[in-house]
Structures are given as structure tokens and as C-alpha cells.
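**Student:**
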Amino acid sequence: MPSVSTIQASIAKLPEGPPLVVALVGGTTGIGSYVARALATTFKNHGSKLRVYLLGRNATRAETHLKYGHETSPGSDWRFIQVSDLSLISGVDQAVKTIIEQEHAAPFAGGPPRLDLLYMSQALSPMQESPTTKEGIDAQMSLLYYSRIRFIEQLTPLLTAAPTPAHVISIFAGNMEDSIKPNQPPIGPPSPKDYGITSVRCHTTFMKTFLFEELAEKHAGKISFIHIYPGLVDGPNFYSDVNPLWFRLVWRVVKPLVSWYMTKPELCGQVMLSLATDRYPPKGTVGQGGSSKGANGSVAYSTQRQLGGGVYAVGMRGDENKDVSYAKIRKSDTAKKVWDHTFDTLKKAAGKGGAA
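Using my numbering, you'd call the opening residue of the sequence shown number 55 and step up by one each time.
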């Protein structure tokens, strides 16, 4: 597990590299906003090398983050793209269209239209009811999985156009592998009778691992894929009105008892930013001109236990799994089943969204 000092030292080197274009989906609140602040602080003396797209619903919160970014990192370029509902594939497509248009209209720092880093943290509170969207997908499942894959799919031309390897970071439950019964791979949403926090985590984490492995192979040398369990992160979301009153009352009692285990927002943002370093390279770069040493320690092992294998399931400090992910239930056709289900679902949802 990289130490805090190693993590901080690694992100301090980011401004020494080429300019970065970053998209933060869900960047107006919670962990996404902590990444925004970490970027602004890290590039405080190198603002001309940073462009950030914040994607979310709340324009007022976004304005606060944009103001902080401009003041903390003078010369940096901060842009807000309002998306009323990130669980809708049609909303994803419209947001992507805006990013592509803006990148082509004004490429950053003399480089090509591109995207170097894509962070995705959109989610409902686990305490919220999760309705079915008008496109026919459970909202939480979409936010945690389907909409994130759609962002990756639609932004791939910009990600592969980056002059240095791009990084895709999905923030939720990266290295939390639930027990799965043989011959019952959790592909698709949980059944209504099994639906809950644990089953949603199980299904989204499983599918994301295998889908990411397919994408890493397809974009070897170009894009690295990481999903991370951020741990229990301190912040205002625990007191949000979207949570039931009983939870907010209980949390006020429980928080002092668990505060020692919680990650502070500043450190959380730094950890997330460290995932953009060369400790997590794309598949096929280690041993072929790439180094086995990264900016914050040795290159990480992938979900298939390959050094620098391109897909990383990591814990709250960026520490990877010690074993092959889902080793006992992997089959030769598992990834294909996940791929076919995912893109069939997205195709159907896009059709419904376009017709709405």
C-alpha cells in the first residue's frame, strides 16, 4: 500500500508532465469535488497546464468549485457542463457531445482535442430509493455502471487522442469482490427480490472488472482503467436531505466512533489523483519501453495479476488486489457475456432516450 507521503510526492510530479485535460463526472459534489480541489492545489503554480470539465446537476455548487479552481490555480481552464440526470444514457450522450464540441473548438495548450483523465463518481445515496429510468434501467445501476460505460464508449476518441496514456477512474467498490455462486455470474441488474446495497455492489463490480479487461485489451498502450473503493470518506453527503431522517440522526451519534477510520476529503482527493500516475499504466507498456517503477512506487498488478496489466481494482490508498479477481469463477466466455449484455442494454436505452 503506497504511503500518504508517497502518494503526495507522486501527484506533485504531475505538473512536470504535459498539460492535462480532465473530466469529472459527478464533480460538483462529494468525491468528485475533492478531486477537483486536489487538481487545483496540485497545479497551483502551473495553471496553464490544466483544463477541467465539471459535469453535474448543481450550477451553484459548480460555480463554487470553478471559483476555487481559478483562484487556487491561476491561468487554469475550468468549465461546467450541466447534466440534469446522469442516470439517463441520453443525458450522457448530450454531455459527451458538449465536451467533444468544446475540445474541437478550442484544443488545449496547443495539443490535439483530447481527454487525458476521466473520473466518474456519480451515484445515488445508498439510502435513496432507486427508480427505473424512462430508458428502462434501474437508476443506481445506471449511475454506477451503465452510464459510466457509456461515457467511456463515447469519449474513447478523445481518450485515445491523448499524447500520453489516458486514465479512466471509476470510483465505487473497486476491490470489493462479493462471494458468487458457481455458474451464477452476476451479469445484469439484481433480481427484485435480491435488490439491495450488497447485490448492486456485487453486480456492478463484477461486470466492470470484465468489461474493463476487454477495453484494456482493445486499447492496449493507450488507456488505463482503474476502479477504486474509496473507503468511508468524510463529507456533507451523510447529512443530505436525500437520506432518511433516522439515518441522519444515527450518523451524528455514530460518526465520532468511526472517525478514526474515515478518510478526510483532502487526502481522498490526493489518492484519486495519484491514480493518474504511471503506477497504473495501460496494458502492454511494461517491459516494452515502459518501466516497472511508477511515480508512487512499483507498477501495480492488474485484476489478472499481471504487472501493469491495464486494469486495476484498488482499495482506499490505491493498493491493488493480491490475487486474480474472481479467479474461481472466471470462464473463457465470461467477458463476452458481460460485453454483450452491457452494449445491448446501452443500445436499447439509447433508442428509448432518442425516442423520448
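Just so it is clear, CB atoms sit at the ideal spot from N, CA and C, and this is done for glycine as well.
Specify, as a first and last residue, the run of the beta strand (DSSP E) that Ala220 falls within.
**Tutor:** Here residue 220 refers to the residue found at position 166 of the sequence shown. Residues 220-225.
**Student:** Using beta-carbon positions only, say whether His119 and Ala90 come within less than 8 angstroms of one another.
**Tutor:** Residue numbering aside, residue 119 sits at position 65 when the sequence shown is read from its first letter. Residue numbering aside, residue 90 sits at position 36 when the sequence shown is read from its first letter. Against a cut-off of 8 angstroms, the Cβ pair of Ala90 and His119 comes out as a contact.
**Student:** May I ask which residues mark the beginning and end of the alpha helix (DSSP H) holding Phe264?
**Tutor:** Taking the sequence shown and counting its residues from 1, one reaches residue 264 at position 210. Element bounds for Phe264: 251-272.
**Student:** Go ahead and pull the three-state DSSP assignment for Asp192.
**Tutor:** Position 138 of the sequence shown, counted from the start, is the residue given in the question as residue 192. Looking at Asp192 - three-state DSSP - the assignment turns out to be strand.
**Student:** Could you please give the first and the last residue of the uninterrupted alpha helix (DSSP H) stretch that includes Arg333?
**Tutor:** Start at 1 with the first residue of the sequence shown, and residue 333 comes out as number 279. Per DSSP, Arg333 belongs to no alpha helix (DSSP H) and is neither H nor E.
**Student:** Tell me the rounded alpha-carbon separation between Arg168 and Ala215.
**Tutor:** Taking the first residue of the sequence shown as 1, we reach residue 168 at position 114. Taking the first residue of the sequence shown as 1, we reach residue 215 at position 161. Cα to Cα, Arg168 sits roughly 5 angstroms from Ala215.
**Student:** What residue does the beta strand (DSSP E) around Asp147 start on, and which one ends it?
**Tutor:** To locate residue 147, count along the sequence shown from 1; it is residue 93. No beta strand (DSSP E) contains Asp147, which is instead part of the alpha helix (DSSP H) from 143-159.
**Student:** What is the DSSP secondary structure of Ala216, counted as helix, strand or coil?
**Tutor:** Here residue 216 refers to the residue found at position 162 of the sequence shown. DSSP places Ala216 in coil when its eight states are reduced to three.
**Student:** In terms of DSSP beta bridges, what is Ser17 paired with?
**Tutor:** The chain is shown from 55 up to 410; residue 17 falls before or after that span and cannot be answered.
**Student:** Terminal residues of the continuous beta strand (DSSP E) containing Phe134?
**Tutor:** For the purposes of this step, residue 134 is taken as residue 80 along the sequence shown, with counting starting at 1. 131-136 is the extent of the beta strand (DSSP E) around Phe134.
**Student:** Could you pull out every residue in the same chain whose Cβ sits closer than 7 angstroms to the Cβ of Ser379, ignoring the five residues on either side in sequence?
**Tutor:** Here residue 379 is taken as the residue at index 325 of the sequence shown, counted from 1. Counting only Cβ-Cβ distances below 7 angstroms, and skipping sequence neighbours, we find Glu231, Thr263, Thr357, Ala367.
**Student:** Does DSSP classify Ala354 as helix, strand or coil?
**Tutor:** Position 300 of the sequence shown, counted from the start, is the residue given in the question as residue 354. Ala354: coil per DSSP, three-state reduction.
**Student:** In angstroms, rounded to a whole number, what distance separates the CA positions of Tyr355 and Ala227?
**Tutor:** Residue mapping note: residue 355 aligns to position 301 of the sequence shown, counting from 1. Residue mapping note: residue 227 aligns to position 173 of the sequence shown, counting from 1. Those two C-alpha atoms are separated by around 17 angstroms.
**Student:** Considering only C-alpha positions, which residue in the set Trp314, Met316, Tyr293 is nearest to Trp305?
**Tutor:** Translated into positions along the sequence shown, residue 305 becomes position 251. Measuring from the Cα of Trp305, the nearest candidate turns out to be Tyr293.
**Student:** Taking the alpha-carbon of Ser130 as reference, which of Thr83, Met181, Pro73, Asp248 has the nearest alpha-carbon?
**Tutor:** Stepping through the sequence shown from its first residue, residue 130 is reached at position 76. When only C-alpha atoms are compared, the closest one is Pro73.
**Student:** Per DSSP, Glu374 is paired with what?
**Tutor:** Walking along the sequence shown from the start, residue 374 turns up at place 320. Partner(s): Val368.
**Student:** Measuring only the C-alpha atoms, how far is Ala160 from Lys382?
**Tutor:** Numbered from its first residue, the sequence shown carries residue 160 at position 106. Numbered from its first residue, the sequence shown carries residue 382 at position 328. Approximately 49 angstroms, taken between the alpha carbons.
**Student:** Spatial neighbours of Ala163 within its chain, please: CB distance less than 6 angstroms, with the 5 preceding and 5 following residues excluded, ordered by chain position.
**Tutor:** Position 109 of the sequence shown, counting from 1, holds the residue named residue 163. Result list for Ala163: Pro73, in chain order.
**Student:** Just verifying my parser: in three-state terms, what is the DSSP assignment at Ala77?
**Tutor:** Here residue 77 is taken as the residue at index 23 of the sequence shown, counted from 1. Three-state DSSP puts Ala77 in a strand.
**Student:** Should Glu320 be labelled buried (16 or more other beta-carbon atoms within 10 Å of its own) or exposed?
**Tutor:** Reading the sequence shown from its first residue, position 266 is the one you call residue 320. Classification of Glu320: exposed, given that the 10 Å Cβ count is below 16.
**Student:** With three or more C-beta pairs closer than 8 angstroms as the rule, is the region 307-314 touching the region 185-198?
**Tutor:** Because the criterion of three Cβ pairs below 8 angstroms is not met, the region 185-198 and the region 307-314 do not touch.
**Student:** Residue range of the beta strand (DSSP E) that Arg105 falls in?
**Tutor:** As a first step, residue 105 is located in the sequence shown; it is residue number 51 there, counting from the start. From DSSP, the beta strand (DSSP E) with Arg105 extends over 104-110.
**Student:** Please report how far the alpha carbon of Val254 lies from the alpha carbon of Gln176, in whole angstroms.
**Tutor:** By 1-based counting over the sequence shown, the position of residue 254 is 200. By 1-based counting over the sequence shown, the position of residue 176 is 122. Straight-line Cα distance between these residues: approximately 14 angstroms.
**Student:** Using 8 angstroms for Cβ pairs, my map puts Ile280 next to Leu329. What's the rounded Cβ distance?
**Tutor:** Translated into positions along the sequence shown, residue 280 becomes position 226. Translated into positions along the sequence shown, residue 329 becomes position 275. Confirmed, about 5 angstroms.
**Student:** Distance check for Trp314 and Trp132, CA to CA, integer angstroms please.
**Tutor:** Reading the sequence shown from its first residue, position 78 is the one you call residue 132. Reading the sequence shown from its first residue, position 260 is the one you call residue 314. Their Cα atoms are separated by approximately 34 angstroms.
**Student:** Under a three-way DSSP split, which group does Leu286 fall into?
**Tutor:** One-based indexing of the sequence shown puts residue 286 at position 232. Coil, per DSSP.
**Student:** Could you check which residue in Tyr283, Thr339, Ser352, Gly242 has the C-alpha nearest to that of Val392?
**Tutor:** The count along the sequence shown starts at 1 and reaches residue 392 at position 338. Checked all of Tyr283, Thr339, Ser352, Gly242; the closest Cα to Val392 is Gly242.
**Student:** Can you tell me where the alpha helix (DSSP H) with Leu311 in it begins and where it stops?
**Tutor:** As a first step, residue 311 is located in the sequence shown; it is residue number 257 there, counting from the start. Start and end: 299-312.
**Student:** Let me know the secondary structure DSSP gives Gly343 once reduced to three states.
**Tutor:** For the purposes of this step, residue 343 is taken as residue 289 along the sequence shown, with counting starting at 1. At Gly343 the pLDDT is 49, less than 50, meaning the model places this residue with poor confidence and gives no usable figure here.
**Student:** Look up Tyr173 in the DSSP assignment and give the residues it is bridged to.
**Tutor:** Along the sequence shown, read from residue 1 onward, the residue named residue 173 stands at position 119. DSSP output for Tyr173 lists Leu78, Ile223 as bridge partner(s).
**Student:** Exposed or buried, Glu157, counting other C-beta atoms within 10 Å across all chains shown (16 or more means buried)?
**Tutor:** Here residue 157 refers to the residue found at position 103 when the sequence shown is read from its first residue. Glu157 comes out buried.
**Student:** Could you check which residue in Met370, Ser64, Pro244, Asn99 has the C-alpha nearest to that of Ser224?
**Tutor:** In the sequence shown, the residue the question calls residue 224 occupies position 170. The option with the nearest alpha carbon to Ser224 is Met370.
**Student:** Taking DSSP as the reference, what is the three-state secondary structure of Thr83?
**Tutor:** As a working mapping, residue 83 is identified with position 29 in the sequence shown. Thr83: coil per DSSP, three-state reduction.
**Student:** Where does Thr317 sit, in a helix, a strand or coil, going by DSSP?
**Tutor:** Within the sequence shown, residue 317 is the residue found at index 263, counting from 1. Note: Thr317 maps to strand in three-state DSSP.
**Student:** Let me know the secondary structure DSSP gives Thr186 once reduced to three states.
**Tutor:** Walking along the sequence shown from the start, residue 186 turns up at place 132. DSSP places Thr186 in strand when its eight states are reduced to three.
**Student:** The alpha helix (DSSP H) with Ile65 in it runs from where to where?
**Tutor:** Working through the sequence shown from its first residue, we reach residue 65 at position 11. Residues 58-66.
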